[in-house]
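S.K.: Using our numbering, read the sequence shown as starting at -10 and increasing by one per residue. Please read through the structure below; I'll follow up with questions.
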Amino acid sequence: THAPGVLRWVGGDVEGMPDQAQGHKEAGLDAVAALELIVEVAKREQGAQLLSANSIMTFLRQGRLHTRVTRPDAHQLRYYVASGAARHRNRWHQVWCHALQTSHVLTVQLSHQDSHMSELVAFAVTYTDRLTRVLTVTCDLYRDSSVSTDAYATHGEQGSGGFVMGMRPHGLSPNELIDAELGRVPSLAVLEEARQWSALLLRLAHRLNVWAPHVPLLSRVVVELVPEVVGSLTYILNLWGSDTSAFERRLQPVSEQEKQQARTVFDPSTSEQR
């Protein structure tokens, strides 16, 4: 019975929050909490049906969160945000990834319903430009995987957007950090979003013959990019398990949290924590 109010939280609408939450400087935290609750509800078919009845997919496609995600370049949703010289994950990008997870969990429960699958197609079409950019950047990891690890370690390798994938003692340059903020280059934040998109699009692929003739651009993305993205994610996961130094060179930490995790994971003296 409280679903509509909770959905307003997801867009950062403080006017829709209880009195004690109004004026909260970290509205993104409230949006994350709301989506975590929604995901738990959606894991049961009865809950998924309730959310569907409250038009959650339409909300995610047309609500205030949609406005945050689709703003033009100068105001686009950034993957990381700067705070002085430091970078942190953008809370609203984390909210967006939770929204994608919500869509996937709903689809797991409601994929037998034509109405929900139509909503999912409409959702993907709305964000086709974004998902294409995210998946294309992710594919760069796989396309560049033929370059030897030694080459990265010794010289670095020029990637898309001027991103140098080699290890450097002083980390990423200011221009490279901006590229990472804007999602122009592979990063852990980009991979998180790509993973969520891949899960959704693989669900859609089961009915490709039904909807593909109506949205050929999205169909090409599913057929051409998704398999390569899955290969990229598998590739980087294998690096994590077999060669953590190569993993760090391929995905240098951007946020302060990532840097702290990298120091813990990749420090030889703490290698048993891997």
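Using N, Cα and C, we set each Cβ at its ideal position, and we do this for glycine too. Remember, it's a predicted structure, so these values are computed and weren't measured experimentally.
With R80 and L124 assumed to form a contact (beta carbons below 8 Å), what rounded beta-carbon distance in angstroms separates them?
M.R.: At roughly 23 Å, the Cβ-Cβ gap does not stay under 8 Å, so R80 and L124 are not in contact.
S.K.: Identify which residue in L197, E217, V243 has its Cα closest to the Cα of S176.
M.R.: Closest option to S176, Cα to Cα, is V243.
S.K.: Can you give me the C-alpha to C-alpha distance between A169 and Y69, rounded to a whole angstrom?
M.R.: When rounded, the distance between both Cα atoms is 7 Å.
S.K.: Whose CA, out of S107, R252, V30, N227, lies closest to the CA of L130?
M.R.: Among S107, R252, V30, N227, the Cα nearest to that of L130 belongs to N227.
S.K.: I need the boundaries of the alpha helix (DSSP H) containing S208, first residue and last residue.
M.R.: From DSSP, the alpha helix (DSSP H) with S208 extends over 205 to 209.
S.K.: Let me confirm a value: S41 is counted as buried when at least 16 other C-beta atoms fall within 10 Å, else exposed. Which label applies?
M.R.: Looking at its Cβ environment, which holds 16 or more other Cβ atoms inside 10 Å, S41 is buried.
S.K.: Quick check on this structure: which residue in R53, Q35, Q90 has the alpha carbon closest to the alpha carbon of S187?
M.R.: Comparing Cα-Cα distances from S187 to each of R53, Q35, Q90, the minimum goes to Q90.
S.K.: Going along the chain, which residues of its own chain have a beta-carbon closer than 6 Å to the beta-carbon of Q250, five neighbours each way excluded?
M.R.: Correct list: empty, nothing qualifies.
S.K.: In three-state terms, what does DSSP make of R76?
M.R.: Strand at R76.
S.K.: Taking only the alpha-carbon atoms, compute the straight-line gap between I27 and A88 and give it to the nearest angstrom.
M.R.: One C-alpha to the other measures close to 9 Å.
S.K.: Count the C-beta pairs between the region 110 to 126 and the region 208 to 222 that are closer than 8 Å, then say yes if the count reaches three, no if not.
M.R.: Flag = yes, the region 110 to 126 and the region 208 to 222 touch.
S.K.: Count the other C-beta atoms from every protein chain shown that fall within 10 angstroms of the C-beta of G172, then say buried if there are 16 or more, exposed otherwise.
M.R.: G172 should be labelled buried.
S.K.: Return yes when the Cβ of A31 is within less than 7 Å of the Cβ of V267, no when it is not.
M.R.: Outside the shown range of the chain, which is -10 to 263, sits residue 267, and nothing can be said about it.
S.K.: Whole-angstrom Cβ separation of S92 and L66, contact assumed at under 8 Å?
M.R.: 16 Å between Cβ atoms; not a contact.
S.K.: Taking the alpha helix (DSSP H) that A235 belongs to, which residues open and close that run?
M.R.: Where A235 is concerned, the enclosing alpha helix (DSSP H) stretches over 233 to 239.
S.K.: What residues in its chain sit with their C-beta under 6 Å from that of A194, if we drop five residues either side in the sequence?
M.R.: Around A194: V211.
S.K.: Along the alpha helix (DSSP H) that carries P163, what are the first and last residues, could you check?
M.R.: Taken as a continuous stretch (DSSP letters only), the alpha helix (DSSP H) holding P163 covers 163 to 171.
S.K.: Considering only DSSP beta bridges, list what V21 is partnered with.
M.R.: DSSP lists no partner for V21.
S.K.: With DSSP run on the structure shown, which of helix, strand or coil describes V114?
M.R.: In this structure, V114 counts as helix in the three-state DSSP scheme.
S.K.: Does the distance from the CB of V204 to the CB of V126 come in under 7 Å?
M.R.: Their beta carbons are not under 7 Å apart, which means V204 does not touch V126 by this criterion.
S.K.: Return helix, strand or coil for Y224, following the three-state DSSP convention.
M.R.: In this structure, Y224 counts as helix in the three-state DSSP scheme.
S.K.: Just to confirm before moving on: does the CB-CB distance between E217 and C86 stay below 7 Å?
M.R.: No, Cβ-Cβ distance for E217 and C86 is not below 7 Å.
S.K.: Helix, strand or coil for Y68? Go by DSSP, reduced to three states.
M.R.: In the structure shown, Y68 sits in coil (DSSP, three-state: anything other than H, G, I, E or B).
S.K.: Whose CA, out of A111, A201, R239, L161, lies closest to the CA of H55?
M.R.: Looking at the Cα atoms, A111 is the closest of the given residues.
S.K.: Mind checking which residues open and close the alpha helix (DSSP H) that includes R184?
M.R.: Where R184 is concerned, the enclosing alpha helix (DSSP H) stretches over 177 to 194.
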